[in-house]
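A.B. asks: Chain order of the listed sequences is E and B. In this text, residue positions in the first sequence follow our numbering: the first is 28, and each later residue adds one. In this text, residue positions in the second sequence follow our numbering: the first is 28, and each later residue adds one. I'd like to ask you about the structure that follows.
2 protein chains.
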Amino acid sequence: MAVSKIEPHIYVIFGATGNLARRKLFPALYHLSAKGELKGKNKILGVARGDLDDHKYRILARDMLKSAGLPIDNKIYSPWCESCLNYHSIDKGDSKDYEKLAARIESIEQENDMPGNRVFNIAVPPSVFPKAVMGLGEAGLNKSPGWTRLVVEKPFGSDLSSAKELNNLVHKYFEESQIYRIDHFLGKETVQNLLVFRFANAFFEHLWSREHIESVEITVAENLGIEGRSNYYEQTGALRDMVQNHLTQILTMVAMEIPIAFEAEALRNEKVKVLRQIAPILTKNIIYGQYIKGKIDGKEVVGYREESGISTNSKIETFVALKLEVNNWRWKGVPFYLRTGKRMPKRLTQIIIKFHCAPISIFKPFESTCALEPNALIITLQPYEGFDMKFQVKSIGQPLTLTTQQLRFRYSETFGALPDAYETLLLDVIKGDQTLFVRYDEVEASWQLYNPVLGKKIPLKNYSAGTWGPTEADHFFSLEEKR
Amino acid sequence: MAVSKIEPHIYVIFGATGNLARRKLFPALYHLSAKGELKGKNKILGVARGDLDDHKYRILARDMLKSAGLPIDNKIYSPWCESCLNYHSIDKGDSKDYEKLAARIESIEQENDMPGNRVFNIAVPPSVFPKAVMGLGEAGLNKSPGWTRLVVEKPFGSDLSSAKELNNLVHKYFEESQIYRIDHFLGKETVQNLLVFRFANAFFEHLWSREHIESVEITVAENLGIEGRSNYYEQTGALRDMVQNHLTQILTMVAMEIPIAFEAEALRNEKVKVLRQIAPILTKNIIYGQYIKGKIDGKEVVGYREESGISTNSKIETFVALKLEVNNWRWKGVPFYLRTGKRMPKRLTQIIIKFHCAPISIFKPFESTCALEPNALIITLQPYEGFDMKFQVKSIGQPLTLTTQQLRFRYSETFGALPDAYETLLLDVIKGDQTLFVRYDEVEASWQLYNPVLGKKIPLKNYSAGTWGPTEADHFFSLEEKR
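Now the structure itself:
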């Protein structure tokens with residue numbers, strides 16, 4: 028990892044009054060400032076269509092922080108707000124508007140004697156995204172006297188060809204080294220720690236292969252439904268919304284080879300390599316599900332087709348389970364199971380590494396080889412973040428009987444609360460560290476993998492809200508952690 | 028492990044008024060009865076020189092239990108005492124006395140319609156031991172209509188030739204299958220669990236060799252001094268008192284190959300094998316220490332030579348640290364460090380398995396190969412019994428830094444209090460399971476190893492009470508657990 032420092036810069040948020048700005052970008056930038064991480068070296072420029080001015084935007088910003096649940100310390104907030112926060116209306120977003128934006132940026136930089144370092148964080152709907160990139164590029168905002176960085180939020184296309192199109196468009200104006208594609212899963216402490224866990228612990232790395240591992244299970248379960256985002260979800264579904272990005276990112280971090288160094292290109296080279304080694308996914312190894320009404324935490328919830336804005340005969344999957352194989356020397360023959368769904372019993376992101384059974388039990392020498400429960404490593408990414416190593420222990424007393432217990436580590440017991448992923452990621456953008464961002468060829472390799480699946484008709488099974496998905500998927504998942 | 032059951036039997040304790048009977052045998056047998064483990068099928072016959080009768084002995088027995096700190100439930104104690112407890116004075120212990128003892132045993136068996144199963148637990152000083160065994164043998168008490176078992180307490184000799192002599196004497200009258208040599212460490216749940224840990228967990232067994240392990244450290248630290256046993260200790264010292272038996276037993280369980288089954292002969296075969304594979308110990312790899320005055324828990328304590336009954340120029344070691352090597356395919360080149368001492372900072376029995384460093388740190392690629400703290404498995408046998416797996420975790424926040432954390436398992440959190448080792452062992456005697464007892468050839472192989480050391484002049488270093496021994500031993504121990 029390069030040692031990076033904070034340089035004076037303007038952080039430009041496109042979509043500055045939108046949902047993402049409100050929930051994530053603003054709180055993260057404010058919290059970084061409040062903690063002193065930015066050393067007072069940043070200006071924020073909110074950009075949106077609305078007819079606001081600096082003063083009105085500062086009032087709105089306070090509301091945004093409040094609605095994100097952030098405690099606001101007035102002694103910090105007021106000076107921060109006054110010195111740091113500006114607004115610029117992009118109006119209709121034609122080329123003249125971008126020229127005005129450029130002028131505004133330059134004037135802020137001049138006023139504050141800034142060297143021209145700029146972040147453009149594009150937090151607008153996918154339909155508006157190309158126009159924004161073009162607008163920046165055509166107005167010359169892809170270059171500056173200092174550095175210029177472009178932050179791109181998901182979705183990165185909706186299939187292989189649209190992803191390529193997007194990449195081409197962005198590359199028309201920006202170098203790949205300027206582009207920061209956010210998969211917010213990569214900003215989670217627990218996901219970053221996957222790499223530390225694997226590459227700083229000789230103990231585990233020795234066991235990390237087909238020789239010792241029976242299967243890998245990755246679950247990203249949500250208990251929420253679609254939360255009003257019917258339009259988006261009807262065009263997306265769980266495969267595009269979760270599997271192609273988040274689950275596949277986790278998979279690459281579990282399966283990748285050891286990079287030559289802990290830095291962006293080395294790491295992303297390995298991620299792309301492993302993505303390209305995944306065998307084509309067989310239709311029979313994919314299970315789609317859609318939730319029908321059920322109960323979560325004792326509360327009745329409606330089925331997907333009853334959600335407001337959803338077609339009553341929608342075929343969109345709210346659950347995906349699939350099995351895939353990584354065809355390389357390390358992993359050949361080890362099934363990787365991915366599972367994600369909405370309206371599952373609880374929120375849980377978890378990786379289960381199941382080890383082979385002991386070849387023989389000297390305690391029951393003539394019973395089946397799996398007379399002993401196999402060792403398993405359970406990495407919980409959220410909530411109750413931590414590691415659990417399942418192992419066999421002698422029960423107290425006689426006769427000798429075995430019981431499965433766990434070696435445990437919980438982040439909260441050591442570190443307290445974990446920072447939000449966006450704080451980590453935006454700070455990395457500002458420092459210029461691309462390690463935790465998705466490179467264009469990763470996006471394309473991932474779509475390459477799922478593109479054939481998109482074209483196939485996969486039967487859709489019902490599951491009741493509050494269950495772990497269609498029973499047809501159960502045999503994929505040998506262990507189910509319920510904590 | 029054979030499934031064994033409790034059969035009616037007489038449990039004869041030689042030395043029935045002595046220290047071991049008082050502290051360990053009596054409390055264990057009573058507690059087993061009170062828990063219903065013996066199903067009311069046993070009679071206890073206390074044998075000693077003192078002129079007591081059943082009644083007086085029952086009164087004494089209550090005192091013994093009380094002084095051992097055992098809660099006595101009168102509803103259980105009184106009927107147990109009345110129905111189960113008898114006393115026989117052996118007087119001078121000549122052959123006539125043993126014939127009388129035989130008659131007494133037979134009469135108890137007849138009265139109670141018992142099949143003649145007998146345990147003789149010889150809890151007398153080493154000097155009296157041969158006479159007792161001969162007495163039993165000559166009186167024909169080595170055979171019975173049922174089974175006969177002989178329980179032998181340490182020390183099993185004081186060097187190789189005396190150990191062989193003892194074994195020969197015992198074998199003159201008893202088959203090895205009748206003999207139960209107690210090393211009470213083997214009765215500890217945590218020590219038994221070493222075998223489960225190793226042979227029921229594929230995960231760990233794969234790492235259990237020179238390929239992955241850097242060193243093994245075994246520590247048995249006592250904060251106590253010699254507690255009035257000056258006579259015994261002046262003839263013994265730490266090597267004979269602790270290393271030759273307890274530490275070496277733990278070593279064999281860490282280092283042994285996988286037995287063909289979890290049963291006595293298979294297990295003990297492997298223990299003997301590994302003992303015979305230990306290379307002769309070099310004098311330069313042994314450090315002897317003797318404590319001088321110091322502080323433990325803030326309290327001043329005297330030095331060994333100031334203890335009452337100890338010679339003021341005693342050369343007896345109260346501390347031993349040594350390094351040895353197991354010359355086989357699994358362990359060649361891996362140092363095993365053993366350490367024991369009196370008047371150390373605290374009571375602690377612990378095994379530390381230190382793994383090799385990662386071959387490279389991608390986090391600091393050009394630093395020394397041990398830029399990362401190596402993984403280590405810490406098995407704490409007492410107190411705070413449990414397992415700790417040291418591993419590297421990412422610290423929260425940026426820049427990326429690593430911190431050593433632990434995957435933890437504590438028996439107490441799952442099982443509550445652990446039973447006393449003697450309960451486990453005496454129940455095994457009664458069931459006829461020799462797995463946790465020391466076979467004659469183990470004793471001899473262990474003495475074979477240490478016999479050459481006994482003949483050598485090893486410099487004796489001072490250490491202050493309340494420290495971890497002479498500083499000369501520090502370099503043997505890379506990790507020091509202080510919890």
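Glycine included, C-beta positions come from ideal geometry on N, C-alpha and C. Owing to the predicted nature of the structure, the values given are computational and were not obtained by experimental measurement.
(1) Going straight from the alpha carbon of G424 (chain E) to that of P446 (chain B), what length do you get?
(2) Identify whether N489 (chain E) lies in helix, strand or coil by the three-state DSSP scheme.
(3) For the candidate residues E:W174, E:L87, E:K70, E:A88, whose alpha-carbon lies nearest to that of S134 (chain E)?
(4) Can you tell me the Cα-Cα spacing of F147 (chain B) and S94 (chain B), whole angstroms?
(5) Would R89 (chain B) count as contacting chain E if we go by Cβ distances under 7 Å?
(6) Where in the region 362 to 444 of chain E do unbroken runs of the alpha helix (DSSP H), each at least 4 residues long, occur, reported from the N-terminal end onward?
(7) May I have the straight-line CA-CA distance separating A492 (chain E) from T498 (chain E), to the nearest angstrom?
(8) For R417 (chain B), count neighbouring Cβ atoms within 10 angstroms of its own Cβ and tell me buried if that reaches 16, exposed if not.
(9) Counting contacts by CB-CB distance shorter than 7 Å, is R435 (chain B) in contact with chain E?
(10) Keeping to the same chain, check which residues put their C-beta closer than 6 Å to that of Q433 (chain E); ignore five residues upstream and five downstream.
(11) Checking contacts by CB at 7 Å: is Q219 (chain B) closer than that to chain E?
(12) Any chance you could list the beta strand (DSSP E) runs of at least 3 consecutive residues sitting entirely within the region 87 to 168 of chain B, in chain order?
(13) Counting contacts by CB-CB distance shorter than 7 Å, is T44 (chain E) in contact with chain B?
(14) Hey, out of B:L481, B:W495, B:I313, B:K342, whose CA is closest to A348 (chain B)'s CA?
(15) If you compare alpha carbons, which of B:Y364, B:E126, B:T175, B:Y57 is closest to E202 (chain B)?
(16) Q276 (chain B) touches chain E at which residues, Cβ-Cβ below 8 Å?
(17) Could you check the C-alpha separation between A282 (chain E) and P401 (chain B) for me, to the nearest Å?
(18) Comparing alpha-carbon positions, which option in E:I343, E:F363, E:K381 lies nearest L531 (chain E)?
(19) Buried or exposed: L65 (chain E), going by 16 or more other Cβ atoms within 10 Å of its Cβ?
(20) Determine whether the Cβ of V223 (chain E) lies closer than 7 Å to any Cβ atom of chain B.
(21) Find the residues of chain E that neighbour G424 (chain B), judging by a C-beta separation of less than 7 Å, and give them in chain order.
(22) If you reduce the DSSP assignment to three classes, tell me which class W495 (chain B) lands in.
(23) Quick one, are the C-beta atoms of L463 (chain E) and L87 (chain E) less than 7 Å apart?
(24) So which of E:I406, E:L452, E:Y449, E:L427 has the shortest CA-CA distance to R20 (chain E)?
(25) Could you tell me whether the region 378 to 394 of chain E touches the region 35 to 43 of chain B, using the rule of 3 or more Cβ pairs below 8 Å?
(26) Please name the residues in the region 229 to 246 of chain B whose beta-carbon is closer than 9 Å to at least one beta-carbon of chain E, in chain order.
(27) Helix, strand or coil: how does DSSP classify N69 (chain E) here?
(28) Would you report the Cα separation of P35 (chain B) and V151 (chain B), rounded to the nearest angstrom?
(29) Let me know if T345 (chain B) comes out buried or exposed under the rule of 16 or more other beta-carbons within 10 Å of its beta-carbon.
(30) By a C-beta neighbour count over all protein chains shown, 10 Å radius and 16 as the cutoff for buried, is P157 (chain E) buried or exposed?
(31) Relative to chain B, which residues along the region 405 to 422 of chain E have a C-beta separation below 7 Å, given in chain order?
(32) In angstroms, rounded to a whole number, what distance separates the CA positions of G511 (chain E) and L193 (chain E)?
(33) Can you name the residues of chain E whose CB is closer than 7 Å to the CB of I285 (chain B)?
(34) Check whether the region 473 to 484 of chain B and the region 288 to 308 of chain B touch, using three or more Cβ-Cβ pairs below 8 Å as the test.
(35) Cα separation between K509 (chain B) and L408 (chain B)?
(36) Using a beta-carbon distance below 7 Å, is F363 (chain B) in contact with chain E?
C.D. replies: Quick answer:
(1) Whole-angstrom Cα-Cα distance: 7 Å.
(2) strand
(3) Taking each of E:W174, E:L87, E:K70, E:A88 in turn and checking the Cα distance to S134 (chain E), the smallest one comes out for E:K70.
(4) 24 Å
(5) Against chain E, the CB of R89 (chain B) has no partner CB under 7 Å away; the residue lies outside that interface.
(6) 438 to 442
(7) If you take the alpha carbons of A492 (chain E) and T498 (chain E), they lie about 13 Å apart.
(8) With the sequence shown as reference, residue 417 (chain B) is identified as Lys, and Arg is not the correct amino acid for it. Under this definition K417 (chain B) is a buried residue.
(9) So yes, R435 (chain B) belongs to the interface.
(10) D415, K417
(11) yes
(12) 112 to 116, 145 to 149
(13) no
(14) B:I313
(15) B:T175
(16) Simply none; closest approach about 17 Å.
(17) 23 Å
(18) Because chain E spans 28 through 510 in this model, residue 531 (chain E) falls outside it and cannot be assessed.
(19) buried
(20) yes
(21) Within chain E, the residues near G424 (chain B) are P446.
(22) coil
(23) no
(24) Because residue 20 (chain E) is not part of the residues shown, which for chain E are 28 to 510, the question remains open.
(25) no
(26) A229, F230, F231, E232, H233, L234, E238, H239
(27) strand
(28) Distance between the alpha carbons of P35 (chain B) and V151 (chain B): 25 Å.
(29) buried
(30) exposed
(31) Cβ proximity to chain B below 7 Å picks out F414, M416, F418, Q419, V420, K421 from the region 405 to 422 of chain E.
(32) Residue 511 (chain E) lies beyond the stretch modelled for chain E, which goes from 28 to 510, so this question has no answer here.
(33) I389
(34) yes
(35) Residue placement at K509 (chain B) is flagged as unreliable, the pLDDT there being 39, under the threshold of 50; a coordinate-derived value is accordingly withheld.
(36) Cβ-Cβ to chain E under 7 Å: no for F363 (chain B).
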